[in-house]
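Protein chains in written order, with my numbering: chain E, 204 to 380; chain B, 45 to 422; chain H, 1078 to 1242.
C-beta atoms are modelled at their ideal positions from N, C-alpha and C, and glycine is treated no differently.
The structure presented is a predicted model; accordingly, all values stated were derived computationally and were not measured.
I have placed the structure first, in the form of structure tokens, so that the comments after it can refer back to it.
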Amino acid sequence: MKDKFKRGKWKEFLDWAQNRSLSMLHYCTGCGAIELPPTMTSRYDMSRFGIGPAATPRQADLLLVTGYLSTKTLRRLIYTYEQMQEPKFVVGFGSCTINGGMYWDSYNTIKQLDKYLPVEMYIAGCMPRPEAILDGLLKLKDKIETGEAKGYEEYKENIEFYHKNQEEALGEVQRTQ
Amino acid sequence: MKNMNGGITMDKNTQTEIFFGPNHPGVPGNYGIIYDFEGDTVTEAKPNAGHLHRGFEKLMEERIWIKNTALVPRICVEEPDINEMVYAMGYEAIGDLEVPKRADYIRSIILELARIQGHIFSIGGNAAGIGQYTVMQWGTLARDYILDLFEEITGGRVYHIYIRPGGVRQDIEDETFEHILEVMDDLEENRLPDLDKALYENPNAHKRWKGKAVITEEEAIEMGATGPVLRANGKPYDVRKMMPYAAYNEVDFEIPTGENGDAWDRLKIMREEMTQSIKIIRQLINNIPEGPVKLDLGNALKYRIPEGDAYVKIESKRGEYGYYMVSDGGLKPYRVHVRGASNPLGLYGVTEYLPGTRVADVPVWAKSLGICPPEFDR
Amino acid sequence: MRNEKEVIKLIENNLDPLEINKKRKQNLSVSFTPDKTIQSLSFLKSNSYKHLSTISCVDWIDDNEFELVYHLFSYEDYINISVKTRIDRDKATFVTLKEIWPVAEFYERDIHDFFGVEFEGNDNLEELILENWNEIPPMRKDFDTREFVNEEYEWRDYNGQKHTD
């Protein structure tokens, strides 16, 4: 039986190429999105590392969840995540994705992100500075190059666990084809 | 000769419903509009709000008075200092306190710096909406130098937690005042004239902004819209002159107005208000008095004010921003209600005044009116 | 341009208030009974108080009443007036303001979402900000948000450390 942790030469070449050209979906979900324009423009330039914006989910491979998520946004975000092509990566931004953050006693926000989507990397802060965002994204690039970023495969294998948690918190969720 | 449309006649154009949804570069934030269009013109529209709701008004009732100063800036992300100012003003109005003079001057300097960085960010966002990406890059860079000043004064780039009931948190040194004056000189001599030449003298901007998204004076007063939307019709209504607060009755400034009420007038007013703000900051720094910067209100964990209620308001960069606060004499607020400046525009204005525009002008309508979704979602 | 004393006399001569207060400079507050509120607001609108800032609602659970507050402003006198009225908490209904100010439809829809007050004459009271909400209206004082959160969501396990309220 093929050992799923060992990758062949073709996959190694693909990982080398993919981590140098990531497309980030331009969807500002929460209040952490105000530090994204300084990161993308000329002072703390992000495109020198090969990361650029993409307009639609079918053309993107990095989903940046900036800040807290209300239940209304999470329904739309799951619909967006299931439309992206593989391989795809999710990064949690700010302390609201880790344990609820400043709004821990609110009736409308979710408290832990990795019960609903598989997360590769968290960046702590409220809100993180542009230098901290670049530090986190560079560590994500190293993780992709060595082949450890396999969140999308875990989502497919444990799909009943994720779907059960989503429906418990949100009620009804719309699925895509 | 064959029919040019491939056999489909123009009579079969029916209405289509489209989600100008939350995930779109043309909307100002996480907010959606659902509209029907026929051919090229919008016929019916309604707002799709509530994606950013966190329940602030309930959270503020569970925390003591001093802890809310850390929660409140997160209501409006682009200009967080107005929230701290109105919360402190409401507390002082119910408790009948008067802050020292030096604290009033420092509060006005912080509010004017927040107004300048907010206007540059808005102009950059509007320019990106019509395709001028160079102006967006220049605008974001100029705003970064002002965020460096905030980091020197308060310690944080975006959320400051600096204005609190009774005054401000700590004093500013003379060296920092000189840095502020240097940045103001740099803005006025180099960066704002570049913005004028690249954007305001560009024939593209004239064609895409003149005559679009018109809101007349009667419509604005009937809706309750204030700020650049009302001043673009020729009336100089501004809360800083009508009900003065902080140190605004001791400085000398003008209020720019427009003529036709369209998108071009609103963007021209934003540019000219920046010049007036630089003039205000120079006057405040040259005349600032000496003295303490905060009142001594005792143990911070036991702040208390008598029973009462108050509605206080200030002028933010988008219009009138107000809080209605009720106290029952206890350690926590009894009720706080937030009135955002773009509340009537984002909810009622979309249903009533968006139909009739062309589909390609919907981002221009949404961005030039200054709709900020976290204010009405709370 | 009138000052505060002249406005107080105008209201006392033409309307039937329960109480008038001058709290601070350029700020007045007036209260009426529920059946006289709408015509008083219409009278004030025709006397230059054309700007409606917002409509707020306060839950006085000990008195078993809701209080509705309308904030008006005049561009000629530069004075804020807060018009208050109280309605019953168990059968919470009131008349709509949308015939006089059409923008009040959305403020009333917001109050219906969060407090559960019905407005007669306003037929567009569906959910605006919340979505698929099945409990009691969340801004009432008998809805405990910390208890709701502890029941619905689980906290992260930090090597056995407990989460404290």
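Same chain, Cβ closer than 7 angstroms to residue i, five either side skipped, listed in chain order
i	result
Ile332(B)	Arg146 and Tyr149
Gly76(B)	Phe63, Phe64, Gly65, Pro66 and Asn92
Met369(B)	Gly134, Ile138, Asp353, Ala354, Pro377 and Val380
Asp218(E)	Ile347, Glu348 and Gly350
Ser1130(H)	His1148 and Phe1150
Arg213(B)	Tyr206
Arg201(B)	Leu191, Phe194 and Glu195
Met314(B)	His163, Ser166, Ile167 and Pro272
Thr300(E)	Val268, Leu316 and Tyr325
Cβ shell of residue i (< 8 angstroms), same chain only, five flanking positions each side left out
i	result
Thr283(E)	Leu228, Tyr230, Pro260 and Leu266
Asp403(B)	Checking the displayed sequence, the identity of residue 403(B) turns out to be Val instead of Asp. These residues qualify, in order along the chain: Phe81, Asp84, Thr85 and Val86.
Thr1173(H)	Ala1181, Glu1182, Glu1185, Phe1196, Glu1197, Gly1198 and Asn1199
Ser1125(H)	Ser1151, Tyr1152, Glu1153 and Asp1154
Thr242(E)	Met249, Pro333, Ile336 and Leu337
Close beta carbons around residue i, own chain, < 6 angstroms, minus the five adjacent residues each side
i	result
Glu1231(H)	none
Gln327(B)	Val295
Ile324(B)	Glu156, Val295 and Phe297
Leu96(B)	Asn74, Pro417, Pro418 and Asp421
Ile1085(H)	Ile1097
Ile1138(H)	Lys1218
Ile329(B)	Phe221
Tyr79(B)	Val86 and Ala89
Under 7 angstroms by beta carbon: chain E residues contacting residue i
i	result
Phe1225(H)	Tyr310
Glu128(B)	Under the 7 angstroms cutoff, chain E gives no residues; its nearest Cβ is about 15 angstroms from Glu128(B).
Asn423(B)	Only positions 45 to 422 of chain B appear in this structure, which leaves residue 423(B) out of reach.
Listed by chain order, chain B residues near residue i by CB distance under 7 angstroms
i	result
Glu334(E)	The premise fails here: Glu334(E) is roughly 11 angstroms from chain B at the closest Cβ pair, so nothing lies under 7 angstroms.
Arg246(E)	Leu185 and Asp188
Arg279(E)	Pro66
Pro321(E)	None at all; the shortest Cβ gap to chain B is about 20 angstroms.
Val1180(H)	Met267, Gly268, Pro388 and Tyr392
Environment of residue i [buried if 16+ CB atoms lie within 10 Å]
i	result
Gly270(E)	buried
His163(B)	buried
Asp1190(H)	buried
Gly271(B)	buried
Gln176(B)	buried
Gly414(B)	buried
Ala36(B)	As shown, chain B starts at 45 and ends at 422. That puts residue 36(B) outside it, with no answer to give.
His1128(H)	buried
Ser1119(H)	exposed
Ser1123(H)	exposed
Glu136(B)	buried
Phe1143(H)	buried
Ile362(E)	exposed
Asn222(E)	buried
Ile281(E)	buried
Asp140(B)	exposed
Proximal chain H residues relative to residue i, where beta-carbon distance stays under 7 angstroms
i	result
Lys275(E)	Glu1208
Gln315(E)	Arg1233
Leu391(B)	Phe1183
Tyr355(B)	His1148, Asn1157 and Ser1159
Interface residues of chain B facing residue i [CB-CB closer than 8 angstroms]
i	result
Pro1215(H)	Gly99 and Lys102
Tyr271(E)	Arg98
Contacts of residue i in chain B (Cβ-Cβ under 9 angstroms)
i	result
Met330(E)	Arg201, Val202 and Tyr203
Glu238(E)	Arg201 and Val202
Inter-residue CB distance, residue i and residue j (contact presumed, cutoff 8 angstroms)
i	j	result
Thr58(B)	Phe81(B)	In fact, because the Cβ distance is near 11 angstroms, the residues do not count as touching under 8 angstroms.
Val356(B)	Gly134(B)	5 angstroms
His223(B)	Pro117(B)	With a Cβ gap of about 23 angstroms, His223(B) and Pro117(B) do not count as contacting.
Ala89(B)	Leu398(B)	4 angstroms
Lys285(B)	Ile299(B)	7 angstroms
Met267(B)	Gly393(B)	6 angstroms
Glu323(E)	Leu343(E)	6 angstroms
Asn170(B)	Ser412(B)	6 angstroms
Leu1105(H)	Ile1156(H)	6 angstroms
Phe292(E)	Gly354(E)	7 angstroms
Ile154(B)	Asp188(B)	Incorrect: roughly 17 angstroms between the Cβ atoms, too far for contact.
Partners in chain H for residue i, counting only beta-carbon separations shorter than 8 angstroms
i	result
Gly374(E)	Asn1209
Asn302(E)	Trp1232 and Arg1233
Partner residues on chain E for residue i, Cβ-Cβ distance less than 9 angstroms
i	result
Thr1222(H)	Asp308, Ser309 and Tyr310
*Give a yes or no on contact between the stretch 308-324 of chain B and the stretch 102-110 of chain B, applying the rule of three or more CB pairs nearer than 8 angstroms.*
no
*Three or more C-beta pairs closer than 8 angstroms, one from the stretch 330-339 of chain E and one from the stretch 234-248 of chain E: is that the case here?*
yes
*Given 8 angstroms as the limit, is there contact between the stretch 297-306 of chain B and the stretch 243-259 of chain B, that is, 3 or more CB pairs closer than that?*
yes
*Could you tell me whether the stretch 1099-1116 of chain H touches the stretch 243-256 of chain B, using the rule of 3 or more Cβ pairs below 8 angstroms?*
no
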